[in-house]
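*Asks:*
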Amino acid sequence: MHPFIHIFGKEIAAYAVMSLLGILACAIAIYLLNRTQPLRKDQFSHIAAASLLGLLLGGHFLYGITRLPDILSALGDGQLNFSSFHGINDFFSLYFGGLVYFGGLFGALAGGYLYCRYSRLNTRTYMNALAPAIPLFHAFGRIGCFLAGCCYGIASDCGFTYTHALSEAANNIKRFPVQLLESLLEFALFILLAFLLVKFRNRYSLVRIYLLCYSLIRFLDEFLRGDEIRGFLGPFSTSQWISLIILACLAFERIRKRRKLL
-4 MHPFIHIFGK EIAAYAVMSL LGILACAIAI YLLNRTQPLR KDQFSHIAAA
46 SLLGLLLGGH FLYGITRLPD ILSALGDGQL NFSSFHGIND FFSLYFGGLV
96 YFGGLFGALA GGYLYCRYSR LNTRTYMNAL APAIPLFHAF GRIGCFLAGC
146 CYGIASDCGF TYTHALSEAA NNIKRFPVQL LESLLEFALF ILLAFLLVKF
196 RNRYSLVRIY LLCYSLIRFL DEFLRGDEIR GFLGPFSTSQ WISLIILACL
246 AFERIRKRRK LL
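Numbering (this note's numbering), first residue to last: -4 to 257.
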């Protein structure tokens, strides 16, 4: 694949290009889906900024959690140096430099939610208005993963062979394109949420519907992942355990609401 794209003679990371295309697609989609609604459009950029901050904090934090065994091992061996700025910078770059999607997702949702509460906006209305953008952006991001060669799939007779992937472990083995499969499912999820938003607007919580659908998607497609960067606990990856926790919380919430109606 092509981890870098040449544009006007300059080499640009393919993931960055797809992320920018995803942001553009999200901006267009949010405008088209909400242009006739009596919403404060200026607040969308503020909510997006708060969500972006939460995404970065949450994504880096959860990545650090997945590296916790390595951190503890380095501490035990005395390999960490916190006595200088460079030592601290190296620590955060090495152990918190990556991003984990679920951490970024919950950070983004928390950032958007807190901003809505702080600004006294109708939380469901604005979160629903922005919800379809979540799978849409992620769909472009997964295409970026495919081009870069990260988050790669299991070895398979049906797939693609990387030769220049950023992850050396992905190279020279035919691998199932799990990134493209997830991207396709994310586009389908975007269409579903966009339809529900236009048809029913605020009857349902689109964030909850997204969490339900994506948790199912992520739990299943993790079986097709060939990398182990997320970490494993027993038979499941960290992402699968998080998916199960989300599904359990949603089920518990649903049961509790039904009991209140009885």
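Virtual Cβ for every residue (Gly too), placed ideally from N, Cα, C.
Could you tell me which of I224, R249, G229, R254 sits nearest to L57, measuring between CA atoms?
*Replies:* The option with the nearest alpha carbon to L57 is I224.
*Asks:* Do V173 and L131 count as a contact pair if the criterion is CB distance below 7 Å?
*Replies:* Not closer than 7 Å, so no.
*Asks:* Give me, in chain order, the residues of the same chain whose beta-carbon lies closer than 7 Å to that of I83; leave out the 5 immediate sequence neighbours on both sides.
*Replies:* Cβ neighbours of I83 beyond the five flanking positions: F77.
*Asks:* DSSP on D216, reduced to helix/strand/coil?
*Replies:* Reduced to three states, the DSSP call for D216 is helix.
*Asks:* Cα separation between L180 and L34?
*Replies:* Rounded to the nearest angstrom, the two C-alpha atoms are 29 Å apart.
*Asks:* Please list the terminal residues of the continuous alpha helix (DSSP H) segment that includes A164.
*Replies:* Neither: A164 is in no alpha helix (DSSP H) and is coded neither H nor E.
*Asks:* How is the beta strand (DSSP E) around T156 delimited, first residue to last?
*Replies:* Where T156 is concerned, the enclosing beta strand (DSSP E) stretches over 150 to 156.
*Asks:* Just to confirm, are S210 and S238 a CB contact at a threshold of 7 Å?
*Replies:* The answer is yes: Cβ separation under 7 Å.
*Asks:* Within its chain, find whatever has a CB closer than 6 Å to the CB of Y90; leave out the 5 residues flanking it on each side and keep chain order.
*Replies:* Around Y90: G59, R62, I66.
*Asks:* Starting from L228, follow its DSSP beta bridges and name the residues at the other end.
*Replies:* Bridge partners of L228: F231.
*Asks:* Given a cut-off of 7 Å on the beta-carbon distance, is the pair F135 and L16 in contact?
*Replies:* Closer than 7 Å, so yes.
*Asks:* Are the CB atoms of A11 and Y110 within a distance shorter than 7 Å?
*Replies:* No, they are not a contact pair.
*Asks:* First and last residue of the beta strand (DSSP E) that includes E177?
*Replies:* Where E177 is concerned, there is no enclosing beta strand (DSSP E), although the alpha helix (DSSP H) it sits in stretches over 173 to 195.
*Asks:* Where does H(-3) fall in DSSP's three states?
*Replies:* DSSP places H(-3) in coil when its eight states are reduced to three.
*Asks:* Under 7 Å, do S234 and R213 count as touching if we go by C-beta distance?
*Replies:* Yes, Cβ-Cβ distance for S234 and R213 is below 7 Å.
*Asks:* Looking at C-alpha atoms only, which residue of L125, G154, S88 is the closest neighbour of R196?
*Replies:* Comparing Cα-Cα distances from R196 to each of L125, G154, S88, the minimum goes to L125.
*Asks:* Can you tell me which of I204, F39, C145, L27 puts its alpha carbon nearest to the alpha carbon of V95?
*Replies:* Comparing Cα-Cα distances from V95 to each of I204, F39, C145, L27, the minimum goes to C145.
*Asks:* Return the first residue and the last residue of the alpha helix (DSSP H) that A124 is part of.
*Replies:* Run containing A124: 118 to 125, per the alpha helix (DSSP H) assignment.
*Asks:* Only counting the same chain, and skipping five residues up and downstream in sequence, which positions put a Cβ closer than 8 Å to that of R137?
*Replies:* Only C146, Q174, L175, E177, S178, E181 meet the Cβ criterion.
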